[in-house]
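Notes for the one structure printed next.
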Amino acid sequence: MIGSIEEVQETFVEQNYIADRALATTIYLAHHLKKPIFLEGEPGVGKTEVAKVLASATGGNLIRLQCYEGLDVNSALYEWNYTKQLLQLRIDEMRGMDKEQIGADIFSEDFLLKRPLLEAIQTDGAAAPVLLIDEVDRSDSEFEAFLLEILSDFQITIPEIGTIRARHIPYVVLTSNRTREIHEALKRRCLYQWIDYPSVQKEFAIVKAKLPDIDEMLAQQLCSLMRVFREGDYYKKPGVAETLDWGLALIALGKDGLDPDIVDETLGCIFKYQDDIQRARDVGLDKMVDGAKSDSEVTDAKKADWRYMRG
Amino acid sequence: MTDQQPLLKEITAFCRLLKQTGVNVTTTNQISFCRSVELIDIGRQQDFYDAAKMNLIANESDREIFDTLFDWFWRYPRPDPQEMGIDTEEEQTMSLEDLMNAEETTVNLDQWTEMDDDSEEGEEDTVAYSAEQVLTQKDFGQFTAEEMQKAQEVIAKLVPLLATKLSRRKKTSTKGKTIDFRQSWRKNIAYGGEPLKLIRKRRKIKKNKILLLCDVSGSMDYYSTFLIQFIYGMQQALEEVEVAVFSTELTNITGLLRRKGLEEGLREVAQVVPDWSGGTRIGESIVAFNREFGRSFSAYRTVVILISDGWDRGEADILQKGMEVLHRQAYKLIWLNPLLGSEGYQPICRGIRTALPYVDYFLPAHNLESLVQLTKVLTPIWTD
Numbered sequence: 002m003i004g005s006i007e008e009v010q011e012t013f014v015e016q017n018y019i020a021d022r023a024l025a026t027t028i029y030l031a032h033h034l035k036k037p038i039f040l041e042g043e044p045g046v047g048k049t050e051v052a053k054v055l056a057s058a059t060g061g062n063l064i065r066l067q068c069y070e071g072l073d074v075n076s077a078l079y080e081w082n083y084t085k086q087l088l089q090l091r092i093d094e095m096r097g098m099d100k101e102q103i104g105a106d107i108f109s110e111d112f113l114l115k116r117p118l119l120e121a122i123q124t125d126g127a128a129a130p131v132l133l134i135d136e137v138d139r140s141d142s143e144f145e146a147f148l149l150e151i152l153s154d155f156q157i158t159i160p161e162i163g164t165i166r167a168r169h170i171p172y173v174v175l176t177s178n179r180t181r182e183i184h185e186a187l188k189r190r191c192l193y194q195w196i197d198y199p200s201v202q203k204e205f206a207i208v209k210a211k212l213p214d215i216d217e218m219l220a221q222q223l224c225s226l227m228r229v230f231r232e233g234d235y236y237k238k239p240g241v242a243e244t245l246d247w248g249l250a251l252i253a254l255g256k257d258g259l260d261p262d263i264v265d266e267t268l269g270c271i272f273k274y275q276d277d278i279q280r281a282r283d284v285g286l287d288k289m290v291d292g293a294k295s296d297s298e299v300t301d302a303k304k305a306d307w308r309y310m311r312g
Numbered sequence: 016m017t018d019q020q021p022l023l024k025e026i027t028a029f030c031r032l033l034k035q036t037g038v039n040v041t042t043t044n045q046i047s048f049c050r051s052v053e054l055i056d057i058g059r060q061q062d063f064y065d066a067a068k069m070n071l072i073a074n075e076s077d078r079e080i081f082d083t084l085f086d087w088f089w090r091y092p093r094p095d096p097q098e099m100g101i102d103t104e105e106e107q108t109m110s111l112e113d114l115m116n117a118e119e120t121t122v123n124l125d126q127w128t129e130m131d132d133d134s135e136e137g138e139e140d141t142v143a144y145s146a147e148q149v150l151t152q153k154d155f156g157q158f159t160a161e162e163m164q165k166a167q168e169v170i171a172k173l174v175p176l177l178a179t180k181l182s183r184r185k186k187t188s189t190k191g192k193t194i195d196f197r198q199s200w201r202k203n204i205a206y207g208g209e210p211l212k213l214i215r216k217r218r219k220i221k222k223n224k225i226l227l228l229c230d231v232s233g234s235m236d237y238y239s240t241f242l243i244q245f246i247y248g249m250q251q252a253l254e255e256v257e258v259a260v261f262s263t264e265l266t267n268i269t270g271l272l273r274r275k276g277l278e279e280g281l282r283e284v285a286q287v288v289p290d291w292s293g294g295t296r297i298g299e300s301i302v303a304f305n306r307e308f309g310r311s312f313s314a315y316r317t318v319v320i321l322i323s324d325g326w327d328r329g330e331a332d333i334l335q336k337g338m339e340v341l342h343r344q345a346y347k348l349i350w351l352n353p354l355l356g357s358e359g360y361q362p363i364c365r366g367i368r369t370a371l372p373y374v375d376y377f378l379p380a381h382n383l384e385s386l387v388q389l390t391k392v393l394t395p396i397w398t399d
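Same order as they appear, the protein sequences are chains L and F.
Here the numbering used here runs 1 ahead of the position in the first sequence, where the first position is 1.
Here the numbering used here runs 15 ahead of the position in the second sequence, where the first position is 1.
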């Protein structure tokens with residue numbers, strides 16, 4: 002599927018993910034250069050989704066490591082199953098087993114708890130797995146340093162067992178919401194891609210792909226209004242995830258067009274802070290909805306773009 | 016391969032140009048870019064641009080420089096650099112001619128310590144606020160090593176008080192709630208594997224994240240040395256300090272300081288910050304600060320230190336909203352005010368009155384003496 006940039010783009014569209022050419026190029030190059038991809042952008046622009054789609058497109062396993070502050074090697078890589086070892090030790094002793102044998106016994110793979118990174122390196126399967134290291138900005142610098150080591154060699158040394166090398170070099174996708182700056186050393190080992198909020202046309206294509214049941218007119222208005230919201234001064238601007246949630250909500254309500262009342266009732270789908278909801282109301286929903294409606298008529302003509310992308 | 020040589024040369028030249036402008040391109044990045052070029056159709060300019068961008072820059076903030084340079088470098092025939100605002104000789108990208116012509120002002124530490132008596136007077140007749148963005152360039156190279164040393168000693172004492180919390184990471188200890196199996200297992204080998212002694216883990220003490228928000232407007236000119244010393248001291252003592260400066264606009268200078276090292280970084284700060292010693296709009300700057308750093312509050316316990324004299328020419332209700340959000344998100348909000356040290360000073364200017372209800376600690380910081388006082392005030396608070 003990764004023979005050319007166009008092929009990547011087509012495969013992603015088949016999986017209902019609208020990737021622009023820059024992202025497709027990143028994936029294409031990541032495959033051929035065997036480099037990790039570093040995706041940065043606001044929350045809800047579909048960074049995590051890239052890994053999921055990549056996994057289902059290549060047929061590899063998706064292995065996910067969610068980062069958090071204090072994430073350590075024991076929960077990212079491996080840990081011995083101490084309780085099981087202790088029990089086994091007792092049983093072996095009762096049987097009068099040889100001491101060296103016991104040692105070899107309890108430090109074998111059976112007693113190893115595999116955490117995501119080890120799993121990504123050890124995966125069998127025909128296709129290379131996709132390792133998603135999500136929200137790496139939530140982890141701390143110790144963990145970043147450790148990642149550097151893993152991502153450059155794709156091998157892990159466990160003192161009691163030996164060195165384990167990756168059978169397939171996994172696709173690695175790192176995502177960051179930029180709550181803090183990630184160290185350059187890590188970023189520089191990756192292909193860096195900033196994912197921005199999509200254009201109205203692209204978002205329309207995404208909505209159509211993800212919510213096939215949606216009324217075309219409604220989708221158009223939805224995307225136009227989203228752009229208006231993103232241009233406003235809100236604490237947390239709505240991402241694509243919010244657009245899709247909102248679209249789903251409107252479908253459930255049986256709507257085929259926007260009006261100020263329905264927007265007001267469903268503002269909770271778009272904004273997650275009371276201040277933002279209040280601000281949207283203060284700015285005037287009537288005005289914004291009207292603006293979005295007239296906008297969507299103009300962009301109507303551009304829908305041809307989207308049809309072209311779908312082939 | 017021979018016909019690819021010119022391209023290789025061009026790529027190398029382009030990478031060097033990027034490096035000169037402060038984008039940290041490694042050799043590995045360059046090699047990786049060359050390999051990418053072999054894989055793509057370089058006839059398509061968009062693909063070539065994408066490949067260059069993803070390999071050579073690792074920060075969205077570098078993109079602007081990158082775009083300008085890319086646009087200039089890969090155009091045929093190459094336009095005059097001056098037209099594009101590129102200065103290829105110097106280690107600068109953006110045209111900073113305005114800055115170069117601007118007046119140079121320096122206040123050194125001695126002047127600054129002597130100055131606090133008449134500082135209020137200075138406030139009034141020089142620079143309560145400036146009506147327009149005034150661009151001036153500061154020269155920070157004139158501190159003596161001694162002055163640096165003196166201020167840093169005090170700040171070094173101050174920093175640990177501001178900057179500790181319990182970590183999520185654990186370390187082995189005799190006390191603690193959770194059992195450290197790895198260590199227990201190891202230690203009990205001495206008793207034949209019988210778990211006689213349990214080793215425990217407890218949370219490490221960890222440094223807080225500190226956000227420094229510094230007013231560099233005209234009215235703060237007298238204290239600029241203090242600001243620099245403070246930032247310097249903080250960065251020396253802590254790994255994670257975010258620094259932003261504002262007067263009419265907010266500028267995040269953390270990356271710059273980190274990338275360039277402190278001395279060179281500070282010199283460049285005065286050039287990069289668009290309105291060093293300009294007017295003040297605290298409210299707008301705090302709102303911008305909330306927007307930029309807003310979400311990093313949730314991941315860390317953060318102490319926000321605001322250094323400003325409170326002279327403000329922005330809207331009061333914007334300031335109030337900004338302070339409200341800041342107060343809610345920060346672990347502690349400390350306002351260090353150089354004016355607070357002056358005798359007979361009352362927090363009457365509008366900016367301060369608006370903001371005061373949201374501040375956890377409102378403390379003086381007008382000279383070294385007051386910093387020593389500050390350590391004394393903070394000690395009981397932070398060591399409970």
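Ideal Cβ positions, reconstructed from N, Cα and C, are used throughout, including at glycine.
Everything numeric in this text was worked out from a predicted model, so none of it was measured.
Determine the closest residue to Asn178(L) out of Ile28(L), His33(L) and Pro44(L), with distance taken between C-alpha atoms.
In the first sequence, counting from the first residue as 1, residue 178(L) sits at position 177. Looking at the Cα atoms, Pro44(L) is the closest of the given residues.
Quick one: which chain L residues come within Cβ less than 9 Å of Gln61(F)?
Position 46 of the second sequence, counted from the first residue, corresponds to residue 61(F). By Cβ distance, chain L contributes Arg22, Ala23 and Thr26.
Measure the CB-CB distance between Ala303(F) and Leu334(F) and report whether it falls below 8 Å.
The residue you call residue 303(F) lines up with position 288 of the second sequence. The residue you call residue 334(F) lines up with position 319 of the second sequence. Not in contact: Ala303(F) and Leu334(F) (Cβ atoms no closer than 8 Å).
Neighbourhood of Cys191(L) by C-beta, 7 Å cutoff - its chain only, sequence neighbours within 5 removed
If you number the first sequence from 1, residue 191(L) lands on position 190. In chain order, Lys36, Pro37, Ile38, Phe39 and Leu175 place their CB closer than 7 Å to the CB of Cys191(L), counting only its own chain and leaving out the 5 sequence neighbours on each side.
Based on Cα-Cα distance, which residue from Pro379(F), Ala171(F), Ala73(F) and Gly207(F) lies nearest to Trp350(F)?
In the second sequence, counting from the first residue as 1, residue 350(F) sits at position 335. Residue Pro379(F) is the option with its Cα nearest to Trp350(F).
From the DSSP output, which residues share a beta bridge with Val260(F)?
Residue numbering aside, residue 260(F) sits at position 245 when the second sequence is read from its first letter. Beta-bridge pairing links Val260(F) to Cys229(F) and Thr266(F).
Anyone know if the C-beta pair for Leu55(L) and Tyr172(L) falls short of 8 Å?
Taking the first residue of the first sequence as position 1, residue 55(L) is located at position 54. Taking the first residue of the first sequence as position 1, residue 172(L) is located at position 171. The answer is yes: Cβ separation under 8 Å.
Host alpha helix (DSSP H) of Asp276(L) (start-end)
On the first sequence, residue 276(L) is found 275 positions in, with the first residue counted as 1. Looking at the DSSP string, the run of the alpha helix (DSSP H) that includes Asp276(L) is Gln275 to Val284.
With 16 other Cβ atoms within 10 Å as the buried cut-off, status of Leu327(L):
In the structure as shown, chain L begins at 2 and stops at 312. Residue 327(L) is therefore absent and cannot be evaluated.
Ala314(F) at chain L interface by Cβ criterion, 8 Å:
Along the second sequence, one-based indexing puts residue 314(F) at 299. Annotation note: pLDDT 46 at Ala314(F) (below 50); position unreliable, coordinate value reported separately. For Ala314(F), the closest Cβ of chain L is nearer than 8 Å.
Contact set between Ile72(F) and chain L, taken where Cβ atoms lie within less than 7 Å
Locating residue 72(F) in the second sequence gives position 57, where the first residue counts as 1. Ordered by position in chain L, the residues that pass the 7 Å Cβ test against Ile72(F) are Tyr193.
CB contact below 8 Å: Met338(F) versus chain L:
Stepping through the second sequence from its first residue, residue 338(F) is reached at position 323. Using a Cβ-Cβ cut-off of 8 Å, Met338(F) does not count as an interface residue toward chain L, since no Cβ of chain L sits closer than that to its own.
Three-state secondary structure (DSSP) of Ile297(F)
Here residue 297(F) corresponds to residue number 282 of the second sequence, with the count starting at 1. Collapsing the DSSP output to three states places Ile297(F) in a helix.
Run the CB neighbour count on Tyr206(F), radius 10 Å, all protein chains shown included, and call it buried at 16 or more, exposed below.
Reading the second sequence from its first residue, position 191 is the one you call residue 206(F). With a 10 Å radius around the Cβ and a threshold of 16 neighbouring Cβ atoms, Tyr206(F) comes out exposed.
Lys336(F) by DSSP, collapsed to three states: which one?
As a first step, residue 336(F) must be located in the second sequence, where it is residue number 321. If DSSP states are grouped into helix, strand and coil, Lys336(F) belongs with the helices.
Which of helix, strand or coil DSSP assigns to Asp135(L)
Residue 135(L) sits at position 134 when you count from the first residue of the first sequence. Of the three classes helix, strand and coil, the one that applies to Asp135(L) here is strand, per DSSP.
Segment limits, alpha helix (DSSP H) that includes Val40(F)
Taking the second sequence and counting its residues from 1, the one referred to as residue 40(F) is at position 25. Here Val40(F) belongs to no alpha helix (DSSP H), and DSSP marks it neither H nor E.
Which residues in chain F sit within 8 Å of Lys85(L), going by Cβ to Cβ distance?
In the first sequence, residue 85(L) corresponds to position 84, counting from 1. Going along chain F, no residue has its Cβ under 8 Å from Lys85(L), so there is no contact; the nearest lies around 11 Å.
Who does Gly71(L) pair with in a DSSP beta bridge?
Your numbering for residue 71(L) matches position 70 in the first sequence. DSSP, once it has assigned bridges, lists no residue as partnering Gly71(L).
Answer with buried or exposed for Arg282(L), where buried requires no fewer than 16 other C-beta atoms within 10 angstroms of its C-beta.
As a position in the first sequence, residue 282(L) is number 281, starting the count at 1. An exposed status is given to Arg282(L), since fewer than 16 other beta-carbon atoms sit within 10 Å of its beta-carbon.
Just list the residues that DSSP pairs Ser188(F) with in beta bridges.
In the second sequence, counting from the first residue as 1, residue 188(F) sits at position 173. Looking at the DSSP assignment, Ser188(F) forms a beta bridge with Arg215(F).
With a cut-off of 8 Å, does the C-beta of Lys188(L) fall near any C-beta of chain F?
Indexing the first sequence from 1 puts residue 188(L) at position 187. Yes, its Cβ sits closer than 8 Å to a Cβ of chain F.
Buried or exposed by the 16-neighbour rule on C-beta atoms within 10 Å, applied to Tyr18(L):
By 1-based counting over the first sequence, the position of residue 18(L) is 17. Taking all protein chains shown into account, Tyr18(L) has 16 or more neighbouring C-beta atoms within 10 Å of its C-beta and is therefore buried.
If we define contact as Cβ-Cβ less than 8 Å, is Leu211(F) a contact residue for chain L?
The residue you call residue 211(F) lines up with position 196 of the second sequence. Residue-level contact by beta carbon fails for Leu211(F) and chain L, as no gap is shorter than 8 Å.
Give the secondary structure of Phe48(F) by DSSP, where H, G and I count as helix, E and B as strand, and everything else as coil.
The residue you call residue 48(F) lines up with position 33 of the second sequence. DSSP places Phe48(F) in helix when its eight states are reduced to three.
Counting C-beta neighbours from all protein chains within 10 Å, is the total for Glu8(L) 16 or more, i.e. buried, or is it exposed?
Start at 1 with the first residue of the first sequence, and residue 8(L) comes out as number 7. With fewer than 16 other Cβ atoms within 10 Å, it is exposed.
Taking the alpha-carbon positions, what's the Met109(F) to Glu79(F) distance?
Residue 109(F) sits at position 94 when you count from the first residue of the second sequence. Residue 79(F) sits at position 64 when you count from the first residue of the second sequence. Note that Met109(F) scores a pLDDT of 35, beneath 50, so its modelled location is shaky; the value from the coordinates is reported in the next line. So the two alpha carbons sit approximately 10 Å from each other.
Whole angstroms are fine: how far does the CA of Arg181(L) sit from the CA of Lys224(F)?
Along the second sequence, one-based indexing puts residue 224(F) at 209. Along the first sequence, one-based indexing puts residue 181(L) at 180. Near 11 Å, if we compare the C-alpha coordinates of Arg181(L) and Lys224(F).
Cutoff 8 Å: Asp154(L) Cβ touching any chain F Cβ
Mapped onto the first sequence, residue 154(L) falls at position 153. Asp154(L) does not count as touching chain F.
In the DSSP assignment, find the unbroken beta strand (DSSP E) run with Arg166(L) in it and report its ends.
Working through the first sequence from its first residue, we reach residue 166(L) at position 165. Counting along the chain, Arg166(L) sits inside the beta strand (DSSP E) bounded by residues Gly163 to Arg166.
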